[in-house]
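Protein chains in written order, with this note's numbering: chain X, 1 to 197; chain E, 198 to 332. Note that CB positions come from ideal geometry on N, CA and C, so glycine has one too. Comments concern the structure below.
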Amino acid sequence: MPAASPGDVDLPDSRSKPDGRALNQFLASVELKAFKIAQLALRHEEDALDVVQDAMLQLARAYGARPAEEWKPLFYRILENRIRDVQRRRQVRGRVMAWLPFRRGDDEDDLPDPVEQAPSPGPTPGRRLELDEAMQALDKAVQALPNRQRQAFLLRCLEGLDVAQTAAAMGCSEGSVKTHYFRALQALRAELGDFWS
Amino acid sequence: MSTGGEKPDEFERHTQEVLHQSLTRVDSRVRSRLNQARQAALEELSVRPRSFWRAPALMPATGAVAAVAVIAVLLSVQYGRDRTLPILEGSSQAALEDLEMLSDKEGLDLIEGWDGSFYEWAAAQGETGEGGASG
């Protein structure tokens with residue numbers, strides 16, 4: 001479905017033996033999208049960077065010798081697992097912290113530095129403002145999606161995986177992917193209709 | 198609306214465009230961190246699996262086994278040499294007699310009760326061949 005996107009790099013011939021250069025090209029092609037997916041899921045820049053790094057290391061360790069065409073679904077499967085691990089840890093920590101009243105409100109320390117969060121300079125100010133608003137609205141709407149819908153939406157729409165690859169990455173059937181993606185689009189359309197029209 | 202292989206509609210295209218635009222706005226600090234993470238992963242790929250015996254945790258045990266093996270080899274070589282010592286292998290009657298004397302309890306008793314004149318006489322008898330049953 002999606003066409004080429006920023007950071008996309010032609011993968012090497014899958015028949016050739018995977019090596020460091022091929023893996024480097026692959027990781028360079030997915031790292032920004034992986035970061036975006038992790039950031040939308042976790043809403044925390046440092047956590048997002050950590051899970052992307054973990055996924056890269058795990059892919060290199062366990063699947064570096066596998067054919068290059070298998071890397072993408074494997075990488076996103078690992079990434080989703082890492083994201084889920086962080087979310088579970090947060091849930092546990094949240095339950096524990098709920099018993100400690102003096103900790104309430106301290107989570108502000110964990111918020112990312114607004115200066116670091118400031119976007120890099122890019123297009124013209126008018127266009128940039130428009131994009132900023134659209135991105136903020138989209139980020140907010142995507143973050144509000146249930147986990148599986150968000151995964152299906154981002155893997156299909158941002159990463160450009162097809163239904164089969166998305167199913168492999170999510171560890172579910174192709175029918176489930178279609179359902180999650182359809183519902184995600186419905187929810188986003190309902191939320192962003194005014195922005196997009 | 199597409200859910201499978203159909204062409205994306207306007208809403209999807211616009212969403213996709215915004216998402217991709219957001220990638221170009223990722224700041225340099227994050228890009229640098231991602232690059233470092235990628236390099237770390239590539240280093241991981243270049244590390245070949247170590248052999249069982251070269252595992253750091255097993256280094257002391259491996260050294261101990263090697264040391265025991267060396268000692269065992271040295272001892273077996275030494276044992277082989279000892280088995281061919283002249284005193285055991287040789288046919289010299291004198292050597293056997295010396296050994297018997299050393300292991301003989303009576304000989305030690307004689308030494309303890311040292312009688313010099315007797316030994317001088319016995320030696321003289323031996324040299325002249327005059328000793329014997331009569332002496």
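If you draw a straight line from the Cα of X:Gly160 to the Cα of X:Ala34, it is about 12 Å long.
Counting along the chain, E:Val244 sits inside no alpha helix (DSSP H), nor does DSSP assign it H or E at all. The C-beta of E:Ala238 comes closer than 9 Å to at least one C-beta of chain X. Under the three-state reduction of DSSP output, X:Ala144 falls in the coil class, being neither helix nor strand.
Under the three-state reduction of DSSP, X:Arg89 is assigned to helix. Within the same chain, Cβ atoms closer than 7 Å to the Cβ of X:Val163 are found at Glu174, Val177 and Lys178, the five residues on either side in sequence being excluded. DSSP places X:Glu159 in the coil class of the three-state scheme, outside both helix and strand.
Residue environment: E:Trp318 is assigned as exposed (fewer than 16 neighbouring CB atoms within 10 Å of its CB, all protein chains considered). Residue environment for X:Gln53: buried (at least 16 other C-beta atoms within 10 angstroms of its C-beta).
Between X:Leu49 and E:Val227, the C-beta gap is smaller than 9 Å, which places the two residues in contact. About 5 Å separates the beta carbon of X:Leu138 from that of E:Val215, a gap short enough to meet the 8 Å contact definition. Spatial neighbours of X:Phe153 in its own chain (CB-CB distance under 8 Å, excluding positions within 5 residues in sequence) are listed in chain order as Val142, Leu145, His180, Tyr181, Ala184, Leu185 and Leu188. Within the same chain, Cβ atoms closer than 6 Å to the Cβ of X:Arg148 are found at His180, the five residues on either side in sequence being excluded. For X:Pro67, the secondary structure class from DSSP, reduced to helix, strand or coil, is coil.
Rounded to the nearest whole angstrom, the C-alpha separation of E:His217 and E:His211 is 10 Å. DSSP, read as helix, strand or coil, puts E:Ser229 in helix. Less than 9 Å separates the beta-carbon of X:Leu155 from that of X:Met170. Secondary structure of X:Gly171 (DSSP, three-state): coil.
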